[in-house]
Structure formats: structure tokens, C-alpha cells
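**Student:** Mind having a look at this structure? Questions to follow.
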Amino acid sequence: TQLLEQSPQFLSIQEGENLTVYCNSSSVFSSLQWYRQEPGEGPVLLVTVVTGGEVKKLKRLTFQFGDARKDSSLHITAAQPGDTGLYLCAGGSQGAQKLVFGQGTRLTINP
Amino acid sequence: ETGVTQTPRHLVMGMTNKKSLKCEQHLGHNAMYWYKQSAKKPLELMFVYNFKEQTENNSVPSRFSPECPNSSHLFLHLHTLQPEDSALYLCASSQDTGLADGSETQYFGPGTRLLVL
Chain X
66 TQLLEQSPQF LSIQEGENLT VYCNSSSVFS SLQWYRQEPG EGPVLLVTVV
116 TGGEVKKLKR LTFQFGDARK DSSLHITAAQ PGDTGLYLCA GGSQGAQKLV
166 FGQGTRLTIN P
Chain V
26 ETGVTQTPRH LVMGMTNKKS LKCEQHLGHN AMYWYKQSAK KPLELMFVYN
76 FKEQTENNSV PSRFSPECPN SSHLFLHLHT LQPEDSALYL CASSQDTGLA
126 DGSETQYFGP GTRLLVL
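Written out as C-alpha cells, the structure is:
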């Protein structure tokens, strides 16, 4: 069974600080997606990474896929209150439609 | 607005009730999914439909009964639920099935918050 562990599960920091969220597994994934879910809404895709070592940037958010494609990280620079939400990583496998989700990191950015 | 709508947004039901959740996608996608989201647990995939055919049933109890009359609509029929079934039920859709690297994007609806008393 493929599992994804996210850490930390909860993070509360002040506006302007930097943070990193981790997504780890003992399994290899063909792709890794990051979603953000805001209260009262469903998850929305932020980014997909498919190559080991790949780095993608989305404004102040930097996503990295591990070289061995077993882990990923999300780094936020100068966090803002609008970054508040539940961040979910999800692993995809070749030829499979099913995504494996981590349990999420609930991030709160305080003004 | 993701192009996936769900109704109702909130539902309270007793253990002997029968109710249905509805999902509609306006994206022209071929695959639709039901997920259960509970506190402190990862998103749990329940069912997958491709071109109206069920392709995945993740050992879901029979008190949950899905129906997919066409590629745009998905229902989840509920009967004799238990309090532990209280959760956020999310519907999602995607364009194709099983891209080579598993990177297909899923578009989620806002969910139905279900409380079973």
C-alpha cells in the first residue's frame, strides 16, 4: 500500500515568515501534485511535478520533487494571510487513475 | 469556481433516512470520483467512474451506493448510515484515464458536509 506522510500536520506562523512543508513516502511515484483547500471548498491544484529533482515556482511558492521521486517539499517565502489553508500532496503512478493523498498540512498565517 | 458543483452543501440525516448527494461537472470530463474527507485522515477514494462505468470501488460499505447516469452527473445514494460516516464528501472529475505518468489533474467540487445523527 502506498502512503504519503505530510509534516508538519499543523503550522501557525506570522505574516512575512518562511516555511517548508514536507511530503514523504517509502514508495516511488511517477508524479506528485500539490493541492490547496480553503474552508468550505474542495482542493484546487497548485502544481504537478513529474521529474526527479524537478523544481517549480509559483510566485512565492517553490515546489520540489525528490531525486528518487519518493518525496516532495513546498516552500513558501514571506507568507501572507491569503496562504492560509490545507495543503495536500498527492502521488500518481504510471497508468493509474487513482491518486494517493497525504493527510494534509493545515497552515495558518497570522497578520 | 472549478466547474464541478455539488448539492446539497450541507446535510443532516438520521441513521434510518435515505438521502442522495448529487455532483455535476461542466468540464466535458470522462472520469468522475467520490472521496470521503474526515478530520485527521487522508482523503479516501471511494468510487471511480470512467465513461459511466464503475472502475474502482475502494471496499466501500454497501450503505453507500453510487450511480452515474452519464459522464456529467454522479450521485451517491445513502441509506442506514452510521455516525462515523459523518464527513465531507467530495466529488471530482478528470479528463482522461490513467495518463502515462499519473499526473492527471482532478477538479474538485466544494463538497457536501454530512452529519449523521
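Line by line, the protein sequences give chains X and V. First residue of the first sequence: 66, per our numbering; consecutive thereafter. First residue of the second sequence: 26, per our numbering; consecutive thereafter. C-beta atoms are modelled at their ideal positions from N, C-alpha and C, and glycine is treated no differently.
Among all the DSSP beta bridges, which residues are the ones paired with CYS154 (chain X)?
**Tutor:** Bridge partners of CYS154 (chain X): X:TRP99.
**Student:** Thinking C-alpha only, which one of X:GLN159, X:ILE141, X:GLY105 and X:PRO104 is nearest VAL86 (chain X)?
**Tutor:** X:ILE141
**Student:** Does ALA155 (chain X) come within less than 9 Å of chain V when only Cβ atoms are used?
**Tutor:** yes
**Student:** Taking all protein chains shown into account, do 16 or more other C-beta atoms lie within 10 angstroms of the C-beta of ALA194 (chain X), making it buried, or fewer, making it exposed?
**Tutor:** With chain X covering only 66 through 176, there is no way to say anything about residue 194 (chain X).
**Student:** Measure the Cβ-Cβ separation of SER97 (chain V) and GLN31 (chain V) and say whether it is below 9 Å.
**Tutor:** no
**Student:** At which residues does the beta strand (DSSP E) containing GLU69 (chain V) begin and terminate?
**Tutor:** 69-75
**Student:** Alpha carbon to alpha carbon, how far is GLN79 (chain X) from ILE174 (chain X)?
**Tutor:** Rounded to whole angstroms, the gap between the alpha carbons of GLN79 (chain X) and ILE174 (chain X) is 6 Å.
**Student:** Taking the DSSP output, what are the residues bridged to VAL112 (chain X)?
**Tutor:** X:TRP99
**Student:** Which residues in the same chain as GLN159 (chain X) place their Cβ atom closer than 7 Å to its Cβ, once the five residues preceding and following it in sequence are excluded?
**Tutor:** SER95
**Student:** With a threshold of 9 Å between beta-carbons, can GLN131 (chain V) be considered close to chain X, or not?
**Tutor:** yes
**Student:** What are the boundary residues of the beta strand (DSSP E) that GLU173 (chain X) is part of?
**Tutor:** The identity of residue 173 (chain X) in the sequence shown is Thr, whereas the question assumes Glu. Where THR173 (chain X) is concerned, the enclosing beta strand (DSSP E) stretches over 170-175.
**Student:** Under 8 Å Cβ-Cβ, which residues of chain V neighbour LYS163 (chain X)?
**Tutor:** Using a Cβ-Cβ cut-off of 8 Å, LYS163 (chain X) is close to LEU70, VAL73 and GLU81 of chain V, given in chain order.
**Student:** Using DSSP bridges, identify the partner residues of ALA117 (chain V).
**Tutor:** V:TYR58 and V:PHE133
**Student:** GLN102 (chain X) to THR127 (chain X), Cα distance in whole Å?
**Tutor:** Roughly 18 Å between the two C-alpha positions.
**Student:** Classify GLU109 (chain V) as helix, strand or coil using the three-state DSSP reduction.
**Tutor:** helix
**Student:** Determine contact between the segment 38-52 of chain V and the segment 101-112 of chain V, defined as no fewer than three beta-carbon pairs at a distance below 8 Å.
**Tutor:** Output reads yes: the segment 101-112 of chain V touches the segment 38-52 of chain V.
**Student:** My output table needs one value for ASP136 (chain X): the three-state DSSP class, helix, strand or coil.
**Tutor:** Assigned with DSSP and collapsed to three states, ASP136 (chain X) falls in strand.
**Student:** Which residue comes first and which comes last in the beta strand (DSSP E) that contains GLN31 (chain V)?
**Tutor:** 29-32
**Student:** Quick one: residues in its chain with C-beta nearer than 6 Å to the C-beta of SER90 (chain V), no 5 flanking neighbours on either side, listed in chain order?
**Tutor:** HIS102
**Student:** Excluding five sequence neighbours on each side, which residues of the same chain lie with their C-beta closer than 7 Å to the C-beta of PRO73 (chain X)?
**Tutor:** THR170
**Student:** So the candidates are V:VAL37, V:GLY28, V:PRO33 and V:TRP59; which of them puts its Cα closest to the Cα of LEU115 (chain V)?
**Tutor:** Looking at the Cα atoms, V:TRP59 is the closest of the given residues.
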